[in-house]
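Here's the structure, in structure tokens; my notes come after.
Number of protein chains: 2
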Amino acid sequence: MPKLIDHEHRKEEIAESVWRVILREGVAAVSVRTVAAEAGLAVGSVRHVFPSKAELLEFSMALVHERARLRVQRHIGMHDPREIAEAVLHEFLPLDDTRRAEMELDVAIIAEMPAHQGLRTIREKAHQGIRGACHSVLLHLRDTGEVRPEADLELETARLHALVDGLALHGLVDEGDRTVVRDRTVRVLAEHLDSLRPPGQGR
Amino acid sequence: MPKLIDHEHRKEEIAESVWRVILREGVAAVSVRTVAAEAGLAVGSVRHVFPSKAELLEFSMALVHERARLRVQRHIGMHDPREIAEAVLHEFLPLDDTRRAEMELDVAIIAEMPAHQGLRTIREKAHQGIRGACHSVLLHLRDTGEVRPEADLELETARLHALVDGLALHGLVDEGDRTVVRDRTVRVLAEHLDSLRPPGQGR
DNA sequence: CACATGGTAGCACGACTGTGCTACTGTGCT
DNA sequence: AGCACAGTAGCACAGTCGTGCTACCATGTG
Numbered sequence: 194m195p196k197l198i199d200h201e202h203r204k205e206e207i208a209e210s211v212w213r214v215i216l217r218e219g220v221a222a223v224s225v226r227t228v229a230a231e232a233g234l235a236v237g238s239v240r241h242v243f244p245s246k247a248e249l250l251e252f253s254m255a256l257v258h259e260r261a262r263l264r265v266q267r268h269i270g271m272h273d274p275r276e277i278a279e280a281v282l283h284e285f286l287p288l289d290d291t292r293r294a295e296m297e298l299d300v301a302i303i304a305e306m307p308a309h310q311g312l313r314t315i316r317e318k319a320h321q322g323i324r325g326a327c328h329s330v331l332l333h334l335r336d337t338g339e340v341r342p343e344a345d346l347e348l349e350t351a352r353l354h355a356l357v358d359g360l361a362l363h364g365l366v367d368e369g370d371r372t373v374v375r376d377r378t379v380r381v382l383a384e385h386l387d388s389l390r391p392p393g394q395g396r
Numbered sequence: 194m195p196k197l198i199d200h201e202h203r204k205e206e207i208a209e210s211v212w213r214v215i216l217r218e219g220v221a222a223v224s225v226r227t228v229a230a231e232a233g234l235a236v237g238s239v240r241h242v243f244p245s246k247a248e249l250l251e252f253s254m255a256l257v258h259e260r261a262r263l264r265v266q267r268h269i270g271m272h273d274p275r276e277i278a279e280a281v282l283h284e285f286l287p288l289d290d291t292r293r294a295e296m297e298l299d300v301a302i303i304a305e306m307p308a309h310q311g312l313r314t315i316r317e318k319a320h321q322g323i324r325g326a327c328h329s330v331l332l333h334l335r336d337t338g339e340v341r342p343e344a345d346l347e348l349e350t351a352r353l354h355a356l357v358d359g360l361a362l363h364g365l366v367d368e369g370d371r372t373v374v375r376d377r378t379v380r381v382l383a384e385h386l387d388s389l390r391p392p393g394q395g396r
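Same order as they appear, the protein sequences are chains B and Z. The opening position of the first sequence corresponds to residue 194 in the working numbering, with each subsequent residue numbered one higher. The opening position of the second sequence corresponds to residue 194 in the working numbering, with each subsequent residue numbered one higher.
As structure tokens, this is what we get:
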């Protein structure tokens, strides 16, 4: 047996190089060569792991969502429902450099969907995942009396989901001071959750 | 004097070809050649009007927002504030093929921002434009008693803006039946505006 | 009818693309 | 010690890219 490389680890390493290229130069700059250079590998090595560019791109983009998914899972053990809600939803917002990069990559995925059908499936899965998280959060909040019992949960899920994704998008576009944008993002989300409380039950 | 061509009209014609290429094959497929072919022109003709690819892209993307802006302006003469609000905000949602295409192009612009600084400025302008529209709408609704007078308008503007852009994004990603997605989008927005009404004032 | 000129056409260049393919290297088991 | 083979390296090909450039066409004015 020759030298054995941790296949999965190598793939993730290369995927992270893809991310860096996209963040620095845009998705159009992703090529087997630029990625290989970024990873400090030969083109042949990259192609050994990802035979085609399509596989390279799809794996890299799927990993973006996978990483976020893992982070969300770490919050499900928390006690206070409202605390869980904010912790989970904050994972979908560009509140630090890591999450900001993820959002940027996410937009790149959406933009490339027409060109690459595989990305459409990947993004659709992430979409349903975030939607599911919003739904769970609202369900839990309602069960613990932090959301009006008569609320239309389907509609509220759609509303919260749209709000979260919109806030995420604005974190990318808004030119303002990062910390100001960050604070406003958190406050808007908090106020939205407050607005769902039963009447008379202030914060 | 030789044959004279309406410069502005020609530029818009070419820009629309850029749009079609992006929608069909993604922004990566935009090249002077593909656009020229799409427009039924020679490469030389395109380059006569747009000397560089950067100018081609920037003009085409700026025109997307300009078209939307013109559509919004047509609603400002309406009487009922709530009617204005919905009409204006609906212009930012992918409720028909035209607006859906605009959203898709908008995402392409955002995704290409890191690669192309000019697009960042263009998108920032559109961002402030939509924000301004949200603000005006809320102001008008509050003045006519359709929004709680004690509402924090800054925060509510950010919330509405995020909601609208999030709903727009979902119109692109959601795989479901177009008419179902469309109806839900409209309903979520309507419910949101309802939720801002003064207490006791139902629809 | 001429002719100046806006518009069209397209060749040429060097750089870059994805992918097929072969040659080499070095390791870990027999 | 020796071998099989995963992993590395990189050449070659045909295609596309943006852009500089020249040659040509057609038309409105003098």
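Even glycine gets a Cβ: it sits at the ideal position worked out from N, Cα and C. Note that the structure is a prediction, hence the values are computed from the model and not measured.
Where residue i meets chain Z, residues with beta-carbon distance less than 9 Å
i: I315 of chain B; result: By Cβ distance, chain Z contributes nothing, its closest Cβ being about 11 Å from I315 of chain B, past 9 Å.
i: I198 of chain B; result: Ordered by position in chain Z, no residue passes the 9 Å Cβ test against I198 of chain B, which lies about 31 Å from the chain.
i: H202 of chain B; result: Those do not exist, as H202 of chain B stays about 27 Å from chain Z at its closest Cβ, beyond 9 Å.
Within chain B, partners of residue i - CB distance below 9 Å
i: S210 of chain Z; result: Within chain B, no residue comes near S210 of chain Z; the closest Cβ sits about 16 Å away, beyond 9 Å.
i: E279 of chain Z; result: The premise fails here: E279 of chain Z is roughly 16 Å from chain B at the closest Cβ pair, so nothing lies under 9 Å.
i: H320 of chain Z; result: H363, V366, D367, E368
Contacting residues, own chain, Cβ-Cβ under 7 Å from residue i (five flanking each side not counted)
i: V265 of chain B; result: V281, E284, A326
i: A361 of chain B; result: F285, L286, P287, M296
i: G364 of chain B; result: L286, P287, R293, M296, V374, T378
i: P274 of chain B; result: H333, L334, T337, E339
i: E231 of chain B; result: S210, R213, V214
i: E251 of chain B; result: G311, L312, I315
i: K204 of chain B; result: V242, F252
i: A319 of chain B; result: H258
i: E368 of chain B; result: none
Buried or exposed by the 16-neighbour rule on C-beta atoms within 10 Å, applied to residue i
i: T337 of chain B; result: exposed
i: V214 of chain Z; result: buried
i: V381 of chain Z; result: buried
i: E305 of chain Z; result: buried
i: I269 of chain B; result: exposed
i: L298 of chain Z; result: buried
i: R267 of chain B; result: exposed
i: P244 of chain Z; result: exposed
i: L197 of chain B; result: exposed
i: D376 of chain Z; result: exposed
i: V257 of chain B; result: buried
i: V239 of chain Z; result: buried
i: E349 of chain B; result: buried
i: L249 of chain Z; result: buried
i: A398 of chain Z; result: This structure does not reach residue 398 of chain Z, given that chain Z is present from 194 up to 396, and the question cannot be answered.
i: A208 of chain Z; result: buried
i: V397 of chain B; result: Absent from the structure is residue 397 of chain B, since the part of chain B shown begins at 194 and ends at 396.
i: A221 of chain Z; result: buried
i: H385 of chain Z; result: buried
i: H200 of chain B; result: exposed
Where residue i meets chain Z, residues with beta-carbon distance less than 8 Å
i: S253 of chain B; result: Neighbours of S253 of chain B on chain Z: none; closest Cβ ~15 Å, over 8 Å.
i: D370 of chain B; result: Correct list: empty, because the minimum Cβ distance to chain Z is about 14 Å.
i: H385 of chain B; result: R352
i: A221 of chain B; result: V220, A221, E305, A308
Proximal residues of chain B, C-beta to C-beta of residue i below 7 Å
i: H258 of chain Z; result: Chain B residues near H258 of chain Z: none, gap ~12 Å exceeds 7 Å.
i: A235 of chain Z; result: What A235 of chain Z touches in chain B: nothing, since even the nearest Cβ is about 24 Å away.
i: R377 of chain Z; result: A351
i: E218 of chain Z; result: P307, A308
Proximal residues to residue i (C-beta, below 8 Å), its chain only, five neighbours per side dropped
i: R341 of chain Z; result: R335, L389, R390, P391, P392
i: I323 of chain Z; result: F285, H354, V357, D358
i: E218 of chain B; result: T227
i: R260 of chain B; result: E295
i: I277 of chain Z; result: H268, I269, M271, V330, H333
i: V300 of chain Z; result: L362, L365
Within chain B, the residues that residue i reaches when beta carbons sit closer than 8 Å
i: L356 of chain Z; result: R352, A355, L356, G359
i: L362 of chain Z; result: I303, A355, D358, G359, L362
Proximity test, residue i beta-carbon vs the ligand ATP heavy atom, cut-off 7 Å
i: G270 of chain B; result: No copy of the ligand ATP appears in this structure; indeed no ligand is present at all.
Cross-chain neighbours of residue i in chain Z, by beta carbon under 7 Å
i: R380 of chain B; result: L348
i: S388 of chain B; result: S388
i: R292 of chain B; result: Per Cβ cutoff of 7 Å: no residues; R292 of chain B is ~16 Å from chain Z at best.
i: I303 of chain B; result: V300, L365, V366
i: A326 of chain B; result: Within 7 Å Cβ-Cβ: nothing; A326 of chain B doesn't reach chain Z, min ~14 Å.
Endpoints, alpha helix (DSSP H) assigned at residue i
i: R333 of chain Z; result: Residue identity differs from the one stated: residue 333 of chain Z is His in this sequence, not Arg. H333 of chain Z -> alpha helix (DSSP H) spans 310-336.
i: V242 of chain B; result: 236-242
i: M296 of chain Z; result: 290-305
i: L389 of chain B; result: Unbroken run through L389 of chain B: none, as it is neither H nor E.
i: D358 of chain B; result: 346-366
i: P274 of chain Z; result: 274-283
i: R213 of chain Z; result: 200-218
i: R267 of chain Z; result: Note, R267 of chain Z: premise wrong, no alpha helix (DSSP H); not H, not E.
i: E231 of chain B; result: 225-232
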